[in-house]
Amino acid sequence: MSSFTTEQELKLYLLAHGIRIEAEAEEEWMKRFGGPMSLSEYASTSGICLFTTSGIYINAPFIEAFTKTTEARFVFDGEFAIVRRDTRIPVSVIPVPAYHHIMYRDGGKEFPYTKIGVTHTDRCRISPIEGCAWVCTFCDLPYEKRYGKNPKHELLRAIELAKSDSLSPARHVLISGGTPRPEDEPWIDDIYAFIAQNSPIPVDVMMPARHEMDYPAWLRSVGVNMLSINIEIWDPDRAQRITPNKARQLGREHYLNYIEEAVKAFGIGFVQSLMVFGEAIEPIESTLDGVRALVERGCIPVLSPFRPDFTTPMSKKQPATIGEMQKVYFETVRICNKSGTGLKPGPRCMPCHHNTVVFPDKSGFYVPLGGDLTNRSWNNK
Ligand code: SF4
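Everything in the sequence shown is counted per this note's numbering, starting at 1130 for the first residue and increasing by one.
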């Protein structure tokens, strides 16, 4: 592929500039699903979730300051559509799930389930740790939430509610959330094992590297399906400034060796790593060096365009541009093709494409809605 389709171009435009919501579209959404239209939590998941007829999933931001200049409108004229200049593309929408309104009790107080579980498209993300022991300057978690541990059985209950949700049923789980303090690592190990063994839907884990190189093999042994170990920033100086705890604790070489061990344990196609990109993060060539290092190790690169969050020290920085997205995507596809591994930009789950720069194809690498997320023989097709 050397050029983008109209739908693909529109996705990049929306990721960079956001969308304006017309009153009729909001009214129709509220009539069908109630509100809110988005949970506006992490910067990268703060938009409305849409998908086109060709299976392109889009998270379109609509509240950030930079959407003030957008040309794109979300309309309802008998069906939902995105209109930009003379282009009109019909879209389906994915509402915020109904279980987000349900409450649970902990320590004599009531909390909404969104405190521990949130579904975007078809994936429920649960957060054992609220807040974070680390402070990265692009992430709102440490600035918005106090550090705490969420109750184990409510984490499982959130998954059960997410799976049977009437508006947006989840079909897989990501255990993510904040990084635990060192003394809470045994606690979260127990959570990983408990959730992987009791969840009614496949479980993925996103976490920083540990010291122990055999940790990925242990995660696999307890039933975790896929693993995300995010490099995020390749340049060591930029990493020191933006993700200081991570950069200080275990260096880049450790991360790469750890990712290699993870690929041995989970297999190619079941380990991924996010690269956050845009000039505010690091030069694009540096991001691409990171992509090369990941692909060489059999790890799926996931291209996450930087989107500033207004609660963080990077709130005034520019989001990734369309030009940067195009360059990073085409170069990453080229690097993947050259590797001969069958890898492509991730994630593999198509509904999870919504906030990353990636597009479906017919290779069998991407798993469509309803496909088997646990199929470990994708590369033999
Ligand atoms: S480690 Fe993750 S959750 Fe914690 S501050 Fe950094 S990006 Fe946010």
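Note that beta-carbon positions come from the ideal geometry of N, C-alpha and C, so glycine has one too. The model shown is predicted, which means the values in this text are computed figures rather than measured ones.
- Annotated three-state conformation of GLY1147 is coil, per DSSP.
- By the 16-neighbour rule on beta-carbons within 10 angstroms, HIS1249 is buried.
- A direct Cα-Cα distance of roughly 23 Å separates ASN1359 from ASN1508.
- The C-beta of ALA1368 has 16 or more other C-beta atoms within 10 Å across all chains shown, which makes the residue buried.
- Boundaries of the alpha helix (DSSP H) harbouring CYS1465: 1451–1468, taken from the DSSP string.
- The three-state reading of DSSP puts VAL1392 in helix, counting H, G and I together.
- Across the structure, CYS1253 and ARG1202 are spaced so that their CA atoms are roughly 28 Å apart.
- Between LYS1238 and ILE1187 the beta-carbon gap is near 37 Å, outside 8 Å, which marks them as no contact.
- Secondary structure in the stretch 1220–1258: the beta strand (DSSP E) runs of 3 residues or longer, each lying completely within the stretch, are 1221–1223, 1232–1235, 1238–1241, 1246–1249 and 1252–1255 in chain order.
- Of the other Cβ atoms in all chains shown, 16 or more fall within 10 Å of the Cβ of GLY1306; this residue is therefore buried.
- For THR1308, the shortest separation between its Cβ and any heavy atom of ligand 1 lies below 8 Å.
- By the Cβ-count criterion, HIS1230 is exposed, with fewer than 16 other Cβ atoms from all chains shown falling within 10 Å of its own Cβ.
- Assignment of VAL1420 by DSSP, reduced to helix, strand and coil, places it in the helix class.
- A straight line joining the alpha-carbon of ILE1451 with that of GLU1312 spans about 42 Å.
- In terms of Cβ geometry, THR1441 and CYS1261 do not form a close pair [threshold 9 Å].
- Ranked by how close their Cα comes to the Cα of ARG1436, the residues SER1402, PHE1191 and GLY1493 have PHE1191 in first place.
- Of the other Cβ atoms in all chains shown, fewer than 16 fall within 10 Å of the Cβ of ASN1466; this residue is therefore exposed.
- Apart from the 5 residues on each side of it in sequence, GLU1389 sits with its Cβ closer than 6 Å to the Cβ of ARG1426 in its chain, given in chain order.
- Put simply, the stretch 1388–1403 touches the stretch 1346–1364. At least three CB pairs are less than 8 Å apart.
- Only buried fits LEU1179, as 16 or more other CB atoms lie within 10 angstroms of its CB.
- The three-state secondary structure of SER1433, taken from DSSP, is strand.
- Looking only at PHE1488, ILE1317 and LEU1290, the smallest Cα-Cα distance to SER1183 is reached by PHE1488.
- Scanning its chain for C-beta atoms nearer than 6 Å, with the 5 sequence neighbours on each side dropped, one finds around LYS1473 the residues CYS1465 and PHE1494, in chain order.
- Residue burial annotation: MET1454 is buried, with at least 16 other C-beta atoms found within 10 angstroms of its C-beta.
- Bridge partners of HIS1301 according to DSSP: ARG1252.
- In this structure, TRP1363 places its C-beta atom within 9 Å of the C-beta atom of THR1416.
- Counting only runs of 4 or more residues that sit fully inside the stretch 1354–1408, the alpha helix (DSSP H) segments are 1365–1371, 1373–1378 and 1381–1395, in chain order.
- 9 Å or more divides the Cβ of LEU1423 from the Cβ of HIS1301.
- Of the residues GLU1156, PHE1162, THR1216 and MET1166, the one whose Cα lies closest to the Cα of TYR1142 is THR1216.
- Cα atoms of GLU1155 and SER1175: separation of roughly 16 Å, rounded to the nearest angstrom.
- Taking C-beta atoms as the reference points, LEU1432 and THR1485 count as a pair closer than 9 Å.
- The alpha carbon of PRO1434 has as its nearest neighbour, out of THR1134, ILE1255, GLY1147 and THR1135, the alpha carbon of GLY1147.
- Look at ALA1291 here: in three-state DSSP terms it is helix.
- Under the DSSP assignment, ALA1189 falls in the beta strand (DSSP E) whose first and last residues are 1186–1189.
- Between the beta-carbon of PRO1224 and that of SER1297 there is about 6 Å, and that keeps the pair under the 8 Å contact cut.
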